[in-house]
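Enquirer:
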Amino acid sequence: MAQQVISKNRIDSLLKLTINASEEDKVTLYEKISGLYQGRNNDSIFYYANLALESANKDKSDISFSNAFKSLGNAYAFKFDYTHALEYFLKSKEYCKKANNKSKIIDIQILIGKSYKNLKRFSEAIDSYKETYEVAKEIDDFKNEGFLLFEIANVYYDINDLNKALEYAIKSANIFITNNIEIGKASAYNFIGYVHMALKNNDLAEEYCEKAYSLYLKENDLKGLSITLNNLGVLYNTNKNNQKAIEFYSKSLVYAKQQNDDDAISTAMNNIGMIYVEMGQIEKGLKYYFESQEYSIKLFDKSGYINTFNNIAAAYLQAGNLQKADEYVNKALPFARKLTDLTYIQECYQILSKIYSMKGMFNKAFEYKSLQLAYNDSLYTRQQTSSILEMQTRFETVAKEKEIQLLKKDKEIGTLEVERHKSFQKYLVIFSILLLLLITVIIFSLRVKRKNNLLLSVKNRELEQINKKLIDSEQNLIELNATKDKFFSIIAHDLKNPFNALLGFSQLLERNYDTYTKAEIKEYINVIYESSQSLFKLLDNLLQWSRTQTGSITYNPEFFELLPAIKQEITYLQFYADKKKIAIKIAVDGTISAFADKNIISTVIRNLVNNAIKFTNSNGRVEIRAAETINEIEVSIADTGVGIDADDLEKLFQLSNSISNKGTANEEGTGLGLLLCKEFIERNGGRIWANSNKGKGSTFYFTLPKKTSN
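Okay, so the sequence shown: first residue is 467 according to the working numbering, each after it adds one.
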């Protein structure tokens, strides 16, 4: 109540000042009054922001327009309407630039970056922050330099690029340390700890959070103390140390209450309630849940409101009070249906399914379980889309950095051209002056000109070479972009099915283990195992392929006998061949030797034999042969499988036309195995190709260099 009185008195005093103020001062006063109404009265926020704009229209100064548009942008941002907020912030920036007020440019650019971030336009948010960082460096604004790097780190965290987030957070911390900005240093340490928590580096997470806590304590920053203690509570909760978690959540709650931070109070109480329920102290947990709910209602926080009701329902369900559980989940459900976040409605259906299952009303339980699984699938699809968008944003960011480098080259070329024109004009003037003086001086100037023309000719040749490099770089970027699109398509397609199977069947086992028969459990475990095998093969091929692209695979050729290497790889694959009753025949002379990297060639043999087994029907045959020529060894792997279409045969070893088909027993493929084989064989100085008859089988060939042992 005391805080509200202070705000009201402050507003009244500012309104009195507007009576005799100039129009320019009125803009500033109305902007402050609009800000004081945030969290109290939305209509008043917009009313005074519009009064600021009216005064700006009378004053006509750039600074007045800048402040008024900024006030309107803040008003829309408070309503979470970031599209309109961005529109007004960009108008404010235009007038800041006209006024050439770099401090105000920094302030408004920070708000623009936050708007882009809230609109999920992450690449533009990073660009905005980086642009602003350069302005801050120009005027030695060290505090904002560190703050802007910190904001960039936050954006990278939002797109799940944790390594980049950590890199920029450390850069931010270094600036704060160098310039003795303690609060900034504390914020950076707290964020670094949070990133390490996400990376599962719990020891480092605890170390940095404790460093942040010490600095906040030294500066008596109550908000910072509350946030850091809450993070430490989350960390100890993750480590299953419930007593420590409650201790830190409780300390966070004390600091939140001291600063009347309703949001932080609600969060701390909800977290404490969750720990007590986990410990089986249901009544104590419910007490904290209900107190947390009061603050969520006060804040109009619908997400917090739904989450807490679901937590209360789950606690009553754990206590066996089905009536209360049903009552509170049905309070959450109407609000959950109105939110775009599907997690809450999925949780509601999960709780309702458990309630009706415990009541013995299995038809109803099944109905809600089906709805829950449907929302699970929708959530998974959104997560996949979000992951692809995150990767797209990372790619765009890297591409823009390369584009900036190209633009710098263009600028250098432009500078050279200007210098050339200036030099030409300079010598032309000198020549004209010397022409009026002495013939001897004219001859001298002609010699100078001839020399400079020679230099300009050299520069022109250099410019032509630079232009050619720029054209080549542009073409390379286009090809990389096309490859990236196909690569993402392969990943999204081949990850979806095994992940759906893993998530779906593991969830069914986790939630219904006691109700399934042993045969059903064994069947589900087998599905999970086969999906895991498919994922492992995909990730192994992705890892190997990416290593070939980055050149991180070492090439160690040696002289080795081919037959033992083939037999060793057949040993690993014999289980899968036996499972499909496929006979594997090796017709390779034990005296044949090759000169290549043995480990890499073993990977090729394993991939090709595995493919032959995969696309061969039960009771089929796979035959491995090798023959020597004068300069090389030719190895063939033939199968009696389904064969390959003539059109697809030409696309086998191309990433842009990569093919991924299911095997005869519905085995999943990645589409990358043959690409990997091609990279490896060519790395060892060989060739790879294939022949096939549709319905009769396929034969894959590759060659290796031969080297005598003398």
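All residues carry an ideal CB built from backbone N, CA and C; glycine is no exception.
Distance check for alanine 1112 and phenylalanine 1041, CA to CA, integer angstroms please.
Expert: Going from the Cα of phenylalanine 1041 to the Cα of alanine 1112 covers about 31 Å.
Enquirer: DSSP puts phenylalanine 487 in a beta bridge; with which residues?
Expert: Looking at the sequence itself, residue 487 is alanine, so the reference to phenylalanine does not match. Alanine 487 is not bridged to any residue.
Enquirer: Use the C-beta contact count for glutamate 976: other C-beta atoms within 10 angstroms, 16 or more gives buried, fewer gives exposed.
Expert: So glutamate 976 counts as exposed.
Enquirer: Closer than 8 Å, CB to CB, is isoleucine 477 near chain B or not?
Expert: In the structure shown, chain B cannot be found, because there is only a single protein chain.
Enquirer: Distance check for leucine 929 and isoleucine 899, CA to CA, integer angstroms please.
Expert: Using only the alpha carbons, I get a separation of about 31 Å.
Enquirer: Alpha carbons only, please: which of Leu818, Leu968, Lys1045 is nearest the one belonging to asparagine 1076?
Expert: Of Leu818, Leu968, Lys1045, the residue nearest in Cα terms is Lys1045.
Enquirer: Just to confirm my understanding: we take serine 758, look at its own chain, exclude 5 residues before and 5 after, and list those with CB closer than 7 Å. What are they?
Expert: For serine 758, where only same-chain residues beyond five positions count, the Cβ hits under 7 Å are Ser732, Met735, Asn736, Gly739, Thr774.
Enquirer: Identify whether aspartate 1105 lies in helix, strand or coil by the three-state DSSP scheme.
Expert: In this structure, aspartate 1105 counts as strand in the three-state DSSP scheme.
Enquirer: Going by DSSP, which residues form a beta bridge with lysine 1051?
Expert: In DSSP, lysine 1051 forms a bridge with Glu1089.
Enquirer: Note down the Cα distance separating alanine 865 from alanine 591, rounded to an integer number of angstroms.
Expert: Only weak support is given to the placement of alanine 865: the predicted model assigns it a pLDDT of 45, under 50, and the question is left unresolved by the model.
Enquirer: Do cysteine 675 and leucine 698 have their beta-carbon atoms positioned less than 8 Å apart in this structure?
Expert: Yes, these two residues count as a Cβ contact at 8 Å.
Enquirer: Give the range of the alpha helix (DSSP H) segment to which glycine 1161 is assigned.
Expert: It is not in any alpha helix (DSSP H) - glycine 1161 carries neither H nor E in the DSSP assignment.
Enquirer: Got a sec, what are the start and stop residues for the alpha helix (DSSP H) serine 1059 sits in?
Expert: From DSSP, serine 1059 is part of no alpha helix (DSSP H) but of the beta strand (DSSP E) over 1059-1062.
Enquirer: Confirm, please, whether the CB-CB distance from lysine 710 to leucine 695 is below 8 Å.
Expert: No. Outside cutoff.
Enquirer: Would you decide whether glutamine 849 is buried or exposed? Buried here means 16 or more other CB atoms lie within 10 Å of its CB.
Expert: Interpretation of glutamine 849 is limited by its pLDDT of 47, a score under 50 that renders its predicted location unreliable; the figure taken from the coordinates is listed afterwards. Glutamine 849 is exposed by the Cβ-count criterion.
Enquirer: Quick one: what's tyrosine 1167 bridged to in DSSP?
Expert: According to DSSP, tyrosine 1167 bridges with Ser1102, Trp1155.
Enquirer: Output the boundary residues of the beta strand (DSSP E) element that contains glutamate 1027.
Expert: Start and end: 1024-1027.
Enquirer: Of the residues Lys1064, Asn584, Glu604, Gln575, which one's Cα is nearest the Cα of aspartate 593?
Expert: Minimum Cα distance to aspartate 593 is reached at Gln575.
Enquirer: Starting from leucine 1142 and walking both ways along the alpha helix (DSSP H), at which residues does that stretch end?
Expert: Segment 1139-1149, the alpha helix (DSSP H) holding leucine 1142.
Enquirer: Closer than 6 Å by C-beta to isoleucine 1110: which residues in its own chain qualify, once you throw out the five before and the five after it? Chain order, please.
Expert: Once the five neighbours on either side are set aside, the close Cβ partners of isoleucine 1110 are Ser1158, Ser1164.
Enquirer: Three-state secondary structure (DSSP) at glutamate 986?
Expert: Residue state, collapsed to three classes: helix.
Enquirer: Whole angstroms are fine: how far does the CA of glycine 650 sit from the CA of alanine 639?
Expert: So the alpha carbons of these two residues sit roughly 7 Å apart.
Enquirer: By Cβ distance below 7 Å, which residues in the same chain neighbour phenylalanine 1061 in space, the five residues on each side in sequence not counted?
Expert: Here the set comprises Pro1023, Phe1025, Pro1171, Lys1172, Lys1173.
Enquirer: Should isoleucine 578 be labelled buried (16 or more other beta-carbon atoms within 10 Å of its own) or exposed?
Expert: Flag for isoleucine 578 reads buried.
Enquirer: For arginine 1087, which option in Glu1100, Lys934, Lys1047, Ala541 has the closest C-alpha, if you only look at C-alpha atoms?
Expert: Looking at the Cα atoms, Lys1047 is the closest of the given residues.
Enquirer: What's the gap between the Cα of asparagine 1073 and the Cα of aspartate 938?
Expert: Taking the straight line joining both Cα atoms gives about 35 Å.
Enquirer: Which of the three DSSP states is assigned to leucine 1094 in this structure?
Expert: Correcting the residue identity first, residue 1094 is glutamate in this sequence and not leucine. Reduced to three states, the DSSP call for glutamate 1094 is strand.
Enquirer: Buried or exposed: methionine 827, going by 16 or more other Cβ atoms within 10 Å of its Cβ?
Expert: When all chains shown are included, methionine 827 counts as exposed.
Enquirer: Below 8 Å on the Cβ atoms is my contact criterion, and I expect lysine 609 with isoleucine 647 to pass it. Report the Cβ-Cβ distance as a whole number of Å.
Expert: With 8 Å as the limit, lysine 609 and isoleucine 647 qualify as a contact, their Cβ atoms being about 6 Å apart.
Enquirer: With a threshold of 7 Å, establish whether the CB of asparagine 1065 neighbours any heavy atom of the ligand SAH.
Expert: The ligand SAH is absent from the structure shown, which contains no ligands of any kind.
Enquirer: Identify which residue in Leu1039, Ser1068, Gln931, Ser819 has its Cα closest to the Cα of leucine 974.
Expert: Cα-wise, what sits closest to leucine 974 is Ser819.
Enquirer: By Cβ distance, which residues of its chain are closer than 7 Å to tyrosine 660, with the 5 residues on each side in sequence left out?
Expert: Cβ neighbours of tyrosine 660 beyond the five flanking positions: Asn697.
Enquirer: For the alpha helix (DSSP H) that phenylalanine 613 lies in, which residues bound it at each end?
Expert: Residues 608-624.
Enquirer: Straight-line CA distance for isoleucine 693 to lysine 988?
Expert: About 46 Å.
Enquirer: Of the residues Tyr702, Ile529, Ala1031, Ile1050, which one's Cα is nearest the Cα of aspartate 491?
Expert: Considering only alpha carbons, the answer is Ile529.
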